[in-house]
Each structure stands twice: as structure tokens, then as C-alpha cells.
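Novice: A single structure is presented below for examination.
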Amino acid sequence: MTDYLDTPEARRIAYNYTPGKGPGVVFLGGFRSDMEGTKALALEAWARAQGRAFLRFDYSGHGVSGGQFDEGAIGDWFEDARDAIRALTEGPQILVGSSMGGWISLLLAREHPEHVAGLVTIAAAPDFTEDGYWAGFDKETRHQLEAEGSVQIPSDYGDPYVITRRLINEGRTRLVLRSDLTLPFPTRFLQGTADEAVSVETAVRLIGHAQGDDMRLTLVKGADHRFSEPDCLALIETALEEVLGALG
């Protein structure tokens, strides 16, 4: 059953929480995705079978949460994740971050390490507003964004994405690949080689940049950005089990 959390920032966040033993698992979805996706539901089923606590939620402007997507930015969604973890879970959690959720999870690890017991990322997209969108815009598109406040770009997932000036500018205050990033807990990065949204080079850059004693990157030949085929879902579960095993 979907419940709702009213956050200190006056946002209404939809969530589903499965009680169980700790450390719990929190799924952090991607840009314009929601908590009803294949990976979120598969991990919820895995957690239920394990008797482990599990939280999935929609960022503001996503899914059935309140707010408008076009008004949001990375910092807003980071706050949503932080507030949900603080209000709805107990003790440090294992974060599973998909795409943008990977960036959000890294922000949580940097800003609130007390909430993080371990980390699994799936096609993590740190700094994508700067290194993906802004870097890929030509001069005319950048001018339009600055002058009009937004641009539309094609999406492989349906309607065009609206990219706002605020998304780009606010994202610059949340970058994680330009300064120290310490991950002092078991960390597993998963990445498909056929991912057209996040490159293998990004995954290699991330593991090269981050500091930690227990980090591994797994590349899956032929896997795309969705990373939702049965063998990919099994790999996510295996990564979670590795993190749990390392935690003892």
C-alpha cells in the first residue's frame, strides 16, 4: 500500500515500506522514473523473501508524489531521499541507486554517511546534468536554455525531457566528481557495456575517483541502461548479498 510523507521542505512524497530486519535496503530511482519499475519491485520481492526492511519511494515531481517534475532539481530530490530515510528507516541503510539515483546515493554518502551502511549503484550517473546535458548542448541550445529557461530534448523512454536552467545551475552545486568522495563501506558498482545513457567510461571514472577499501565495478557485456533483464536483476541481488556479507 502506498503511503505519503510530508517533508520539512513541504513536499509530499509517496512511498512503500516493507518492515523487516536491518540493515534495511533503500531503492533510489532514476531521472523521471518511479517506484513501480522492474528493479524496485524485484528488489522488494527479494527483501520480503529475506525478511529485510525495504523502502522505495517517488521523488517529488515523479510517480505519484506531489510537485511538478519541471520545477525540480538534483538538490530537491537529494532532500527527498534524505528526508525519507530519516523519517522512515532505522539505522544505517544499504542504498541501491539507479542512474540518477546513483548520484543521489553518492550525495547521501558524502553529506550523511551516518545513514549509509553500504552502497550498490546501477548505471550510476553522477554529475550528468553537467557532463551529460550541458557538455552535450551546442551553442544554440545553451543560448536557448539561458534565454528561455528550458529546452526539450528527445527521450528513448517516451515524451521529450524538459531540461531547465535551474536543473543545470542547481546541479553544479551538487557535483561529486570534482572533490573528494570517500565511500568507507562496502560498495558495488554495476554497469552495462551497451548502456547508451551512461558510458562505461563514466563508471571507470567513478571508481577511479572514489576512495574506499571495499569497492568493485562489475561490467555486464550487452546490458543496456535499464539493467532489468533477469540476469541483471540477479546480479543486483548478488551485489546486495556481497555487501551484507561484508558487513557481517
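Sequential numbering from 1 applies to the sequence shown in UniProt numbering.
Ideal Cβ positions, reconstructed from N, Cα and C, are used throughout, including at glycine.
A quick note: this is a predicted structure, and the numbers were derived from the prediction, not measured.
May I ask you to verify whether the segment 61-76 touches the segment 135-144, counting CB pairs closer than 8 Å and requiring at least 3?
Specialist: With a cut-off of 8 Å, the segment 135-144 and the segment 61-76 do not count as touching, because too few Cβ pairs lie within range.
Novice: Roughly how many angstroms lie between the CA atoms of residue 266 and residue 52, to the nearest whole one?
Specialist: Coverage of the chain is limited to positions 1 through 248, which leaves residue 266 absent and any answer about it impossible.
Novice: With respect to the beta strand (DSSP E) encompassing residue 6, which residues constitute its N-terminal and C-terminal limits?
Specialist: Here the beta strand (DSSP E) through residue 6 covers 3-6.
Novice: Starting from the C-beta of residue 67, find all residues in its chain whose C-beta is less than 7 Å away, skip the five residues before and the five after it, and write them out in chain order.
Specialist: Cβ neighbours of residue 67 beyond the five flanking positions: 11, 60 and 61.
Novice: Please classify residue 94: is it buried, with 16 or more other beta-carbons within 10 angstroms of its beta-carbon, or exposed?
Specialist: Under this definition residue 94 is a buried residue.
Novice: Flag residue 156 as yes when its Cβ comes closer than 8 Å to any non-hydrogen atom of the ligand FMN, and as no otherwise.
Specialist: Summarising the ligand content, the structure contains no ligands, and the ligand FMN is consequently not present.
Novice: Give the DSSP-derived three-state secondary structure of residue 204 in the structure shown.
Specialist: In the structure shown, residue 204 sits in a helix (DSSP, three-state: H, G or I).
Novice: For residue 216, list the residues DSSP reports as bridge partners.
Specialist: The partner list for residue 216 (beta bridge, DSSP) reads 188.
Novice: Less than 9 Å between the C-beta atoms of residue 190 and residue 232, yes or no?
Specialist: In this structure, residue 232 lies closer than 9 Å to residue 190 by Cβ.
Novice: Relative to the alpha-carbon of residue 15, which residue among 34, 148, 23 and 24 has its alpha-carbon at the smallest distance?
Specialist: Comparing Cα positions, the closest option is 34.
Novice: Please confirm whether residue 223 and residue 118 have their CB atoms less than 9 Å apart.
Specialist: Result no, Cβ atoms of residue 223 and residue 118 do not sit closer than 9 Å.
Novice: Alpha carbon to alpha carbon, how far is residue 96 from residue 203?
Specialist: Roughly 15 Å separates the two Cα atoms.
Novice: Classify residue 133 as helix, strand or coil using the three-state DSSP reduction.
Specialist: Helix at residue 133.
Novice: Please say whether residue 78 and residue 108 have beta carbons closer to each other than 9 Å?
Specialist: Yes, these two residues count as a Cβ contact at 9 Å.
Novice: Residue 81 and residue 43 look like a contact to me (Cβ under 8 Å); what is the Cβ gap, rounded to whole Å?
Specialist: Not confirmed; about 16 Å, so no contact.
Novice: Quick one: using the 10 Å Cβ neighbour count with 16 as the cut-off for buried, is residue 21 buried or exposed?
Specialist: Label assigned to residue 21: exposed.
Novice: What number of angstroms, rounded off, separates the C-alpha of residue 165 from the C-alpha of residue 144?
Specialist: Approximately 10 Å, taken between the alpha carbons.
Novice: Report buried or exposed for residue 197, applying the criterion of at least 16 other Cβ atoms within 10 angstroms of its Cβ.
Specialist: Per the 10 Å Cβ criterion, buried.
Novice: Report the residue from 169, 175 and 183 whose alpha carbon sits nearest the alpha carbon of residue 289.
Specialist: The question about residue 289 has no answer, for the chain in this structure spans 1 to 248.
Novice: For residue 212, collect the residues of the same chain with a Cβ closer than 8 Å to its Cβ; drop the 5 residues on either side in sequence, then sort them by chain order.
Specialist: Excluding sequence neighbours, residue 212 sits near 182, 183, 184, 185 and 187.
Novice: Within a Cβ cutoff of 7 Å, which residues of the same chain sit near residue 88, ignoring the five residues on either side of it in sequence?
Specialist: Excluding residues within five positions, the ones whose Cβ falls inside 7 Å are 5, 15, 17 and 55.
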